[in-house]
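**Q** Below is one structure. I have some questions about it.
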Amino acid sequence: MQILDQDFDLILEDLESGQRYEFLAIASYLSVFYYEYSKSESILQRFSQELGIDVEFTGALGRKMRHQKDDLSHLILKVKRSVQKPLYTPEKRCALPKIARIKDDNLMNSIKFQSDDMEEVKLNTAEQAFLLVLCQVHSLTHPKDDITNEECLTYLQSIIGQAPHADLEPSDKFVYTQNPSDGSWPVLSQALYERSRREKDSARKAERALEQFEELANQYRNPIPALEDRSMQSFFLCQMPAIWTIELSQADFLLEVGATRSALDIYLRWDRWDKIILCYTKMGYREKAAELIKERIRSGEENPELYCALGDVTKDKSQYEKAWEVSNHRSARAMRSLAHFYMFDKKNHELAEPCFQKSLELNSLQTGLWFTYALDIFKEAVKYNYESEKVWENILILSAQLLLMPDCLFAYGRLLDLNSKFVDGQIIGRITHAVIEDMPSANGQKCGEFHKKLLELVARSTSLVSTDPDVWFAYSQLLLHQGTTKESYEKACQCLQRSFSCSMKAGDSAWEREAKKRADLFAKLEIWLKLLQESQQTDDKQTQAFKQLQFRSLQMNIKIILARIKSLKDNCLKLELIDEWTGCETEMQTILDKVTNLLI
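With this note's numbering applied, the sequence shown corresponds to residues -17 to 582, in that order.
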């Protein structure tokens, strides 16, 4: 960290151009690693000046689907170059890793733009590395939502699109190039890895993500192409993932999709005992996990990690204490496990607090543990002031962050007791997503078990405060997740309608000013339309009348938005904003045409 505090001008003036880029890339990654985001921004600004480029998001009309009739607005990256600075021109050919393709009859591998002017600007290796750093900083400094994910994928696609034949079907042979703009092995490997991590939750792209993980892992074992052909001179421009990083990400993905046995094989290869225990537990072999760990200890492989893993399996406090002794009082993991044991199992703040402190003294970068420690302190504080709304709000925020559903639901309910007008749509949205996806909490408990209790809480919240769009939207998602009965379907449609109405309430023009609010509003319309389209056909006249009423309400709301968009476009003076509003108008008109056709 000391090097980040020095004068960069003095350092850079003694370096050649290639070394300057490497230094700035490493400094950027270091500043992000230590959460020095303000420093990372200044470093990236200097990096941009050295390269002579400016990067910004913009929109362009194009198609993602092969059978798509209308062009829609898509996010792209616009690169403006003031000076052309080629870098690392190879003296011989360089190989590039294989790029996995989407195996879908309709979805294309890349967007086909309406205008030929929207082709990718050729970027040299250092410029591609710069985009990788921008992507990481953007990811860490923005909310973890679909919009941020899409923006990061736009950065990554701008890099992957540089590779030759990136939009064609793959061959069994590696691609070789002598053009420095085509990319380098380390930079492209990192971009492909990051893309796979972000696409694994997409139903259409999950197969490609899994295949890409496997290709990236295999490149370390494959002697072809030779190391000298893999452009290792650009290795320090990026954070090329290690083989264990790739394989463990692959295993995590396999575990998510239910391929527990395949995931277990990878975890065993890398001695990930916490994940091994999880796999054996899912397979019903917890005793086997304990016996395997004991066998490793008996064979002489005695280390704190094994004892902590044994403690996790057996719920035996003495194993954590043994791990602490074996580590000569240096294992942050052992103290963390003891802190969790005292907090969650024994509900004893006095015993948990010193364990939290010792663990954080040994390793202060345990972000999740700071949240857990803070939650433990606030839960103790509320005993002395049970009526404090501020303390309960802190408990709510922390428990939602850790997905500790019992604490979160109780805290929200308590806040409603203290203040009937209390509402927090973001918290409700987060825990609703966790419940629907059945995500694990900080103490290993599955969130899906709390569906009924959360549904009751949301129903209570909407009865007290009926103006929050996020709460109404969460209510609709919980009802749909509950089942497909006529009552739940109709109520979910009504909740979506209320959510949209709250977003469009009089005097609230946030969606006109903020792209995120606008995207959320349009997404609700798409979900509302999809819900009405996918419902089963029925001869029940009452249900048919309900759907017709919903379609007409949807049509009317789209017309209101469309009229407002046209007004904003006509009164706009900035060309960039006019293009953006034109894209929005096209998108809304497409949805309106669908609704109109369904009403005919």
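We treat Cβ as the ideally placed atom computed from N, Cα and C, and that holds for glycine. Just so it is clear, the structure is predicted and the values come from calculations on it, not from any experiment.
Using a 10 Å radius around the Cβ and a threshold of 16 neighbouring Cβ atoms, would you call glutamine 1 buried or exposed?
**A** Its Cβ having fewer than 16 others within 10 Å, glutamine 1 is exposed.
**Q** Taking DSSP's pairing of strands, which residues face glycine 44 in a bridge?
**A** DSSP lists Leu54, Phe95 as partners of glycine 44.
**Q** So, using beta-carbon positions, are leucine 138 and alanine 173 closer together than 9 Å?
**A** Yes, they are a contact pair.
**Q** Applying the criterion that 16 or more other CB atoms from any shown protein chain within 10 Å of the CB defines a buried residue, is glutamine 459 buried or exposed?
**A** By the 10 Å Cβ count, glutamine 459 comes out buried.
**Q** Return the chain-ordered list of same chain residues with a C-beta closer than 7 Å to the C-beta of asparagine 345, the five sequence neighbours on each side being excluded.
**A** Answer for asparagine 345: Ala314, listed in chain order.
**Q** Report the option in Asn367, Val373, Leu357 whose CA atom is closest to the CA atom of leucine 387.
**A** Per the sequence presented here, residue 387 reads as methionine, with leucine not at that position. That would be Leu357, whose Cα lies nearest to the Cα of methionine 387.
**Q** Considering only C-alpha positions, which residue in the set Lys80, Phe95, Pro79, Tyr175 is nearest to cysteine 117?
**A** Of the listed residues, the one whose Cα sits closest to cysteine 117 is Tyr175.
**Q** In or out: tyrosine 324 buried (at least 16 other Cβ within 10 Å) or exposed?
**A** Buried, because 16 or more other Cβ atoms sit within 10 Å of the Cβ of tyrosine 324.
**Q** CB-CB under 8 Å to asparagine 330, same chain, minus the five flanking residues each way: which ones, in chain order?
**A** Answer for asparagine 330: Tyr324, listed in chain order.
**Q** Pick from Leu437, Lys506, Glu469: whose alpha carbon is nearest that of serine 485?
**A** Checking every option, the nearest Cα to that of serine 485 belongs to Lys506.
**Q** Compare the beta carbon distance of glutamate 132 and leucine 57 with 9 Å and say whether it is the shorter of the two.
**A** Yes, they are a contact pair.
**Q** Are methionine 222 and serine 178 closer than 9 Å when you measure CB to CB?
**A** No; because the gap between Cβ atoms is not below 9 Å, this pair is not in contact.
**Q** What does the Cβ neighbour count give for alanine 527, buried or exposed, with the cut at 16 atoms within 10 Å?
**A** Exposed, because fewer than 16 other Cβ atoms sit within 10 Å of the Cβ of alanine 527.
**Q** Less than 6 Å between C-beta atoms, sequence neighbours within five positions excluded: which residues of the same chain meet that for isoleucine 141?
**A** So the qualifying residues of the chain are Gln110, Leu113, Ala173.
**Q** Measuring alpha carbon to alpha carbon, tell me which of Ile228, Phe235, Tyr289 ends up nearest aspartate 256.
**A** Out of Ile228, Phe235, Tyr289, Tyr289 has the C-alpha closest to the C-alpha of aspartate 256.
**Q** From this set, Glu273, Leu439, Gln464, which residue's C-alpha is nearest phenylalanine 404's C-alpha?
**A** Cα-wise, what sits closest to phenylalanine 404 is Leu439.
**Q** Look up leucine 385 in the DSSP assignment and say whether it is helix, strand or coil.
**A** If DSSP states are grouped into helix, strand and coil, leucine 385 belongs with coil.
**Q** Spell out the partners DSSP gives valine 453 in its beta bridges.
**A** Paired residue(s): none; valine 453 is not in a bridge.
**Q** Helix, strand or coil: which one does DSSP assign to valine 239?
**A** Valine 239 falls in the coil class under three-state DSSP.
**Q** Helix, strand or coil: which one does DSSP assign to glutamate 496?
**A** Coil, per DSSP.
**Q** Can you tell me whether glutamate 371 is helix, strand or coil according to DSSP?
**A** Of the three classes helix, strand and coil, the one that applies to glutamate 371 here is helix, per DSSP.
**Q** Would you list the residues sitting across from aspartate 36 in a DSSP beta bridge?
**A** According to DSSP, aspartate 36 bridges with Lys62.
**Q** Return helix, strand or coil for alanine 148, following the three-state DSSP convention.
**A** With a pLDDT of 49 at alanine 148, under the threshold of 50, the predicted position of this residue should be treated as unreliable, though the coordinate-derived value follows. Here alanine 148 sits in coil by DSSP.
**Q** Go through the segment 306 to 351 residue by residue and report every complete run of the alpha helix (DSSP H) that reaches 4 residues or more, in order.
**A** For the segment 306 to 351, whole alpha helix (DSSP H) runs of length 4 or above, ordered along the chain, are 314 to 322, 331 to 344.
**Q** To test your reading of the DSSP string, which unbroken alpha helix (DSSP H) runs of 4 or more residues are found completely within the segment 402 to 444?
**A** Fully enclosed alpha helix (DSSP H) runs of 4 or longer: 407 to 418.
**Q** Helix, strand or coil, according to DSSP, for methionine 222 in the structure here?
**A** If DSSP states are grouped into helix, strand and coil, methionine 222 belongs with coil.
**Q** Are aspartate 211 and alanine 77 close, meaning C-beta to C-beta below 9 Å?
**A** Taking 9 Å as the Cβ cut-off, aspartate 211 and alanine 77 qualify as a contacting pair.
**Q** Using the rule of at least 16 other Cβ atoms within 10 Å of the residue's Cβ for burial, across every protein chain shown, is serine 153 buried or exposed?
**A** In this prediction, serine 153 has a pLDDT of 44, which is less than 50 and means its spatial position is unreliable; nothing more can be read from the coordinates.
**Q** Once you ignore the five residues that flank lysine 270 on each side, which residues in its own chain have a CB closer than 6 Å to its CB?
**A** These residues qualify, in order along the chain: Tyr262.
**Q** Would you mind sorting phenylalanine 432 into buried or exposed? The rule is 16 or more other CB atoms within 10 Å of its CB.
**A** Classification for phenylalanine 432: buried.
**Q** Quick one: using the 10 Å Cβ neighbour count with 16 as the cut-off for buried, is serine 584 buried or exposed?
**A** In this structure the chain extends from -17 to 582, so residue 584 is not present and cannot be described.
**Q** Would you list the one or two residues that DSSP bridges to leucine 89?
**A** Answer is Met47.
**Q** Residue range of the alpha helix (DSSP H) that methionine 538 falls in?
**A** From DSSP, the alpha helix (DSSP H) with methionine 538 extends over 523 to 552.
**Q** Looking at threonine 572: is its Cβ nearer than 9 Å to the Cβ of leucine 43?
**A** No. Outside cutoff.
**Q** Pick out whichever of Leu398, Pro451, Tyr457 has its Cα sitting closest to the Cα of alanine 441.
**A** That would be Tyr457, whose Cα lies nearest to the Cα of alanine 441.
**Q** Got a sec? Which residues, its chain only, sit under 7 Å from arginine 412 by beta carbon, not counting five neighbours each side?
**A** Ala382, listed in sequence order.
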